[in-house]
Each structure stands twice: as C-alpha cells, then as structure tokens.
Amino acid sequence: MNLIEKISSYEICKCEQIAHVYKDSSITYGELIEKSDAIASYIIDQFGDDKTPIVVYGHKEHEMLICFLACVKAGHAYIPIDTSFPYERVRDIVDSSQTNMIFNVGEFDYKFSDVNVKNYNQIKEILLQYQLHKPDKKYFVGKEDTFYIIYTSGSTGKPKGVQITLSCLESFINWAAKVCSLRDDFNYVFMNQAPFSFDLSVMDLYLSLWSGSTLFSIDKSMTSNLKLLFESFSSSNINIWVSTPSFAEMCLGDSSFNEELLPKLETFLFCGETLTNSCAERLLEKFSKSKVINMYGPTEATVAVTSIEVTEEVAKEICPLPVGKVKEDCRIIIVDEDGNEVSEGERGEIIIIGDSVSIGYYNNNERTEKSFSKKFINGTEKRCYKTGDEGYLKHGLLYYSGRIDFQIKLNGYRIELEDIENNLRNIEFINNCVVIPAIKEDKIQYLNAVVVLNRSPWEKEFKIAMLIKNELKKFIPDYMIPRKITIVESLPMTINGKVNRKALMEETK
Ligand code: AMP
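The working numbering applies: residue 627 is where the sequence shown begins, and numbers increase by one.
Laid out in structure tokens, this is it:
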C-alpha cells in the first residue's frame, strides 16, 4: 500500500479519528478523505490526463490538507503557498510553474487572468457538487511522479521549485517513523509549527497522516504571542513536537514552558537550523520524560537525511552537537573545492546521495544542472545534491559547520561567520547569537555580534561586551573578534522560524 492508499484507508478504519485541528475547529479522517475525493474528481473532470502542478494557497486551514490530497489523488503535484508570501512572490511561482489552477483557500484578491482561481466559496460549491464522488485510483500520483513542489528562495532573487516524488516522500516517512519510534497502535498528536510552504511541515503533516494521527496546527498569530500559544497547548495533548530550534528557544524564554504545560509530550524533533547544546540541555531539564532529536537536511533531499537523539550525555559532552547518522538509503560524502572526497574529520561541502534526493528544480534546468548530478553507488545510479553546506564526518556522525556562502573577507582575511557564532555559543552566559557583517559601500567594515544572554554577568553593556571579547579571544584569532557586540532580548525570526539575518542587518545598519 503506498502513502496515498494508506491515508485513504483511514476513511474506513479511522473514520471518526481527528485528522486535523486548527484554531477551534477539527476535521475527521472520514471528512478529510471524502472531501479530498470530491475535489480530486473535479480536477480529473477538468484536466483528465494533463498533469500540470496545482497551486494551493492558504495558511493552516483544513482545506489546505483537503486540496493537497485532492491534487495527488488526481495525479497532480501540488505547490503549497503560505499567505505570508507577498504578491510578487506568488506571481513568480505562478509564472515559473505555469500552473493553470489555484485553490485559493487563503482568499487573496490578486488578479491572475491566465489562471483558473477557485476561491473559498467556489471550493465549497465543488465539494457539494462532487459529494461522494470517488476518483479512479489509476489517476493517483505514482511512485516516480512529483508529489509536491516546494519553492525555496534562490540566490538569483527568484524562487526555485524543488520537486519531491512520492518515492522520495515515502523513503523519508518510513525512516522518520523509525527515528521517532512511532508505535503502530497509537494515535499521536503532532504539533505543526511551520507553514506548509516550508518543508519542515512535511515532517509533521505526513508523519501524522501516515500514522492516522492528529495534526495540531499553530496559527501564525500564536507564534508571536506566547500567552495565546501556551493557552492552546494546554488542551492540545501534543505528543510529538516538530519545529526549528529557534521556535523552542522562544518558548524557553517563558518559565511556564515545561512538562506541566505539555504533559503528554514524548519527542522533540528539530531540523532546519543549528540546535545548540544549551537549548537541548534546557529542554531535557524541563521535559525530563521527552527525547530530543536533531535532524539535518535541505528541502532538496526531502526534509531530513540525518538524525541523532541528543541525550543529556551527548548534550554535555559533544559540542557543537552532531546532526547525526545518515538514513540507510542515502550516503553523505564531504568534498573539497575540486569535488574530491576529503578524509574523515576534514571539512568540506556536504553532498547527499540517494533515494531522498529530489529529481531537480521544476522548469529550471540551469539551476538543476548546477546543484544536482548522478553517481554510481554499488553499481546503481543514484541522484546527488550539492548542498552548499559545510561539514565533516567523524565516527559515522555528520557535523554541520555552516553555509559555504556565509564565508566573508574582512581586511583580506577569510572568515566563516558561523565559526564565530559557534564560539560565542560556547560562552556560558550566551543563549543564542548571530554575527552579521556591517557593510558600507559594498565593503564589509566590521562584524557585529548580536547576542541573547541567559543571564547578565554585568549591568553595564560595555562591560559585558568586553567580557565576551576576552572570552572569544581564547578561541579565535583577533581578526575574527566582532568589533561591535549588540545585546538583544531575542533574535527576529522569519515566517519559517529561522533567525532572520536580513532583518537584523537592516535594523543594525
Ligand atoms: P531548508 O531547505 O529551508 O530546509 O534549509 C536547509 C538548510 O538548513 C540546510 O542546507 C542547512 O544549511 C540548514 N540546516 C538544516 N538542518 C540543520 C541542522 N540540523 N543544523 C544546522 N543547519 C541545518
């Protein structure tokens, strides 16, 4: 049974089980399957064998899940777009995907003269008109067909559409279910923090649907209001937490974030950003019954390809934390600038090879050729992705050391900004930090370390700054010491829950 068939089977055996909770509303598996079948039947009537991808625009509404499933049951890949995307971004995606249909769940009022836009009320009408219709299984997305396309930001300023096939997704889900030791006979509640346009959400969405569990979606208004967020947690029964580390850091800022608030929590799953030792330690202290798992991967390799359980011992003894061991059907190699594999422990670019790797960027051969290639592994041709991430392998574990493109030159010296950040995080009173270059007339003038403290060793900021610089001097050469230290309450985050470096650069200009 493939993923789509497995989810569809819950219409019978889990008909009354809650599939999705959003705000004060919920939807059962019975409703989810029936409604997605109705919309899939409509799509098939409209397009038949034409399999152009379909845009689904909205935030966390039930109709988002309904439309995702409807698209793949009708054989179309879906493109999730969150309501936080501005018009120009939506336009770019619509243009580059050449889609001819948008399910407008989030009700934008932009005009797309060349595309069939179905607004919320029209979706409701389709549901009525096609009620109890069942799509023929022959239309379902097949193993090697694209299941979804997630658009990520591109260095050119135009987003790139990463195509993920059903077999990539199944490979990820089968592995991730083992990583978090999902039990067959248990109905979990998964927390969904990331918007559906960000591939971290694939982790909670499909682990939840695959296991016939409940997805508990957090609205974007709650992510900036801890009081509202914690109120919603109290009745959530969340078992599995999926978020970026920054989101957990933000919650840790409030002392009421502990086991009492989430008594049923079993596992924290993190991906997308560096998980610091301090964050892991604080979580393990406050949630003594829960596991903390760190995962690593880019959208181009289907959410994540490595994992490690960060136990108290790991958090105390290994700094920085590893991102873990690679999944069985993938390999990771580290290469130097000429593409040659480096020896164990040496840093280089992380290359991911195997079944999780995307088939490339949609309608973008040029970018696909730059980042994707093929390699023979044990006589079988496998897809490879050049991540642009720097890292190293040690005792079978992958360590992430930063982006290759965060490398800068200051007064002729080559510096990795994340190298400084990792050293700053080793200072015991620093919680989190970002180092940003201060640029004037296209030239880096100096570095500014923006830091969040977990306690203040001195009252006066200049004294703290001196102390930080003196501590740093123990670990890195003088030319790497940031000239400016800015102390802030918290770091701004992007809608995807990552630290918003761009905003910080603007603010501190
Ligand atoms: P995205 O495609 O948005 O998921 O971003 C992928 C990028 O996030 C990777 O290429 C890494 O640079 C970063 N990343 C993902 N997981 C981790 C992790 N566990 N630790 C540090 N950085 C990570």
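Each residue gets a CB set at the ideal place from its N, CA and C atoms; glycine is no exception.
| query | Looking at L1093 and P1108, is the spacing between their C-beta atoms short of 8 Å? | reply | no
TODO: Provide the residue(s) that pair with Y1026 in DSSP beta bridges, ordered along the chain.
DONE: G1017
**Report entry** Proximity to A820 [Cα-Cα], best of H685, E631, L658 and P761
**Finding:** H685
Spell out the partners DSSP gives E975 in its beta bridges. V961 and E1016
For this session: Look at T928 and F812 and say whether their C-beta atoms are less than 8 Å apart.
Result: no
At a threshold of 7 Å, does N920 count as lining the ligand AMP (C-beta to nearest heavy atom)? yes
Exercise. Just checking, does the stretch 761-770 make contact with the stretch 697-710 on the three C-beta pairs under 8 Å criterion?
Worked result: yes
_For T1013 and P924, which I take to be in contact (beta-carbon distance under 8 Å), what is that distance rounded to the nearest angstrom?_
6 Å
- Among L878, V968, K1001 and A666, the one whose alpha carbon lies nearest that of L1079: L878
Open item on the list: Just to confirm before moving on: does the CB-CB distance between T937 and V949 stay below 8 Å?
Closed with: no
### Query
If you scan the stretch 723-790 from start to end, which runs of the beta strand (DSSP E) of 3 or more residues do you find wholly inside it?
727-730, 742-745 and 772-778
Requested in this report: For the stretch 925-962, list the beta strand (DSSP E) runs that are entirely contained and at least 3 residues long, ordered along the chain.
Outcome: 932-935 and 956-961
Practice problem: With distances taken Cα to Cα, identify the nearest neighbour of N884 among F856, M921, S793 and V968. | Solution: F856
Original post:
Are L887 and S860 touching if we call contact CB-CB under 8 Å?
Top reply: yes
| field | F896 versus V918: straight-line alpha-carbon distance, rounded | value | 8 Å
| Given that a residue counts as buried once 16 or more other Cβ atoms are within 10 Å of its Cβ, and exposed if not, what is G783? | Below a pLDDT of 50, predicted positions are generally treated as unreliable, and G783, at 42, falls in that range; no measurement from the model is reported.
Can you list, in chain order, the residues of its chain with a C-beta nearer than 6 Å to that of E935? Leave out the 5 residues immediately preceding and following it. K917 and I919
Selected residue, minimal CA-CA separation from K760, among Y683, L1023 and Y668: Y668
The ligand AMP heavy atom lying under 7 Å from the CB of G898:
yes
Margin query: Does G674 pass the burial test, meaning 16 or more other C-beta atoms within 10 Å, or should it be called exposed?
Written below: exposed
Discussion item. Once DSSP output is grouped into helix, strand and coil, what is the label at M829?
Written reply: helix
Query raised in the report: Pairing CB atoms from the stretch 787-807 with CB atoms from the stretch 825-839, are three or more of them under 8 Å?
Result: yes
Within 10 angstroms of its Cβ, does A802 collect 16 or more other Cβ (buried), or is it exposed?
-> buried
- beta-carbon P924 near the ligand AMP non-hydrogen atom, thresh 7 Å: yes
**Q.** In DSSP terms, what I680 is bridged to
**A.** Y704
Next on the checklist: Between the alpha carbons of L808 and T840, how many angstroms are there, rounded?
Outcome noted: 13 Å
Problem - Neighbour-count burial assignment, P1103, 16 or more Cβ in a 10 Å radius - result: exposed
Which runs of the alpha helix (DSSP H) fall wholly inside the stretch 1081-1135 and span at least 4 residues, in chain order?
1087-1098 and 1127-1133
Could you give the distance in angstroms between the alpha-carbon of I985 and the alpha-carbon of I705?
16 Å
### Message
So, at 7 Å on beta carbons, what are the nonlocal neighbours of E689 in its own chain, with the 5 sequence-adjacent residues on each side left out?
### Response
V731 and I749
Report yes if the C-beta of L895 is less than 7 Å from at least one heavy atom of the ligand AMP; otherwise report no.
no
| query | Taking the Cβ atom as the reference point for each residue, do A664 and I752 lie within a distance shorter than 8 Å? | reply | yes
- Message: Do Y1018 and G980 have their beta-carbon atoms positioned less than 8 Å apart in this structure?
- Response: no
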